[in-house]
Every structure is written in structure tokens, then in C-alpha cells.
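Numbering (the working numbering), first residue to last: 4 to 188.
Ideal Cβ placement from N, Cα and C applies to all residues, glycine included.
The following block contains the structure:
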């Protein structure tokens, strides 16, 4: 996984446009870091293996952070310039995030327009579809940022949670959650 992160960073850095990543890239990176942490926990802290693992964690963290920041910067740049972001290049998490960024840009443009037209700007927070859904997690999941910009998780199998319907639908399609219907009597 380290090599995959390194290659993704090199490719991303070499191109102006956002480069495609597998839809599950961040989930796999999360599992990689979880495995590294587990390996560090069980290895003798004074061994050469421990030092190698610590170095791998340090460099992998640095590379992943740079890759993620570079991708976010590219997305924000496109949105600010009113350019379309190629959704085929996005991971599932980025696809959900891009919608929030677009809403932010629209609200920002509305404020500027109000000011330029001599009106006092009003900040109206966008509705994220007040619908929440109750779900049961079928698989482990890292923390996610919901459509309402709140953080949910991390989750283990059989955990129950309320979350925005849009997020629940994405996770359900991936087989990570099952929606739970609640009947009120």
C-alpha cells in the first residue's frame, strides 16, 4: 500500500488536473494505517522491526497527507474557477465532499452578488435535506464527514447510527450499512 500511496502522489504532483484514484482508495489506506498501528502494538519496541515500522508510518503519513492536500487544493481551485470536477477521478469520499464545496461556493457567490447590488448580505445555511436515516453497520468503517458537515464514526460491525439520508444511501450501495426502518405506533 505504501508504494500505491507513493505512486498516486507522484502522478498527482506531475499533473495539473485531478488524477483518477480507485473509489475505495481511502478505505484501503485507512485499513493500511490500522494494520501498521496493530503491527507496532505487537512488535518489540526496541527491535529493528519496530524502527522500520515507525519509519514506514512516518513516511506514509507524510505522503498521504501531501496527496490528500494536493487533491483537495485541486478540487477547490476548480470550484472557485467555476470549472467542472471530473467525478470519475474522485473517490467516494471526495464525491460527497465536492457537493459540500459546491454549496459553499454558491453561498459565497450569493454574498458577493448581494454586496455588489447594494444589499446587506445574508448568510443562509443550505439545507442538507433534513432527513436522517437510522442504519446498522455491516462492516468496519472509518469516520466520515456527512452531508451536514458533521463527523460520524468510526464504526464497527453492528454499530447503530443516525446519519443524513444521502450518506446512508452511498454506504448502503457499498454494502457497508443496512437501513433500519422504524415504525412509530
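Asked	Found
Might you give, ordered along the chain, the residues of its own chain that have their beta carbon closer than 6 Å to the beta carbon of residue 188, omitting 5 neighbours on each side?	With a pLDDT of 46 at residue 188, under the threshold of 50, the modelled position of this residue cannot be trusted; read the value that follows with caution. Correct list: empty, nothing qualifies.
Determine contact between the segment 173-184 and the segment 135-145, defined as no fewer than three beta-carbon pairs at a distance below 8 Å.	yes
Closest by CA to residue 9, which one among 64, 49, 120?	64
Using only the alpha-carbon positions, how far apart do residue 109 and residue 53 sit?	49 Å
Whose CA, out of 92, 91, 16, 40, lies closest to the CA of residue 57?	40
Can you tell me whether residue 18 is helix, strand or coil according to DSSP?	coil
Using a Cβ-Cβ distance under 7 Å, would residue 159 count as near chain B?	Checking the listed chains, one finds no chain B in this structure; it contains a single protein chain.
Helix, strand or coil for residue 40 per DSSP?	helix
Residue 38 to residue 123, Cα distance in whole Å?	53 Å
Which residues does DSSP pair with residue 182 in a beta bridge?	138
Kindly list the residues whose CB is nearer than 7 Å to the CB of residue 148, restricted to its own chain and excluding five residues on each side of it in sequence; keep chain order.	100, 154
Count the other CB atoms, across all protein chains shown, that sit within 10 Å of the CB of residue 87; report buried if there are 16 or more and exposed otherwise.	exposed
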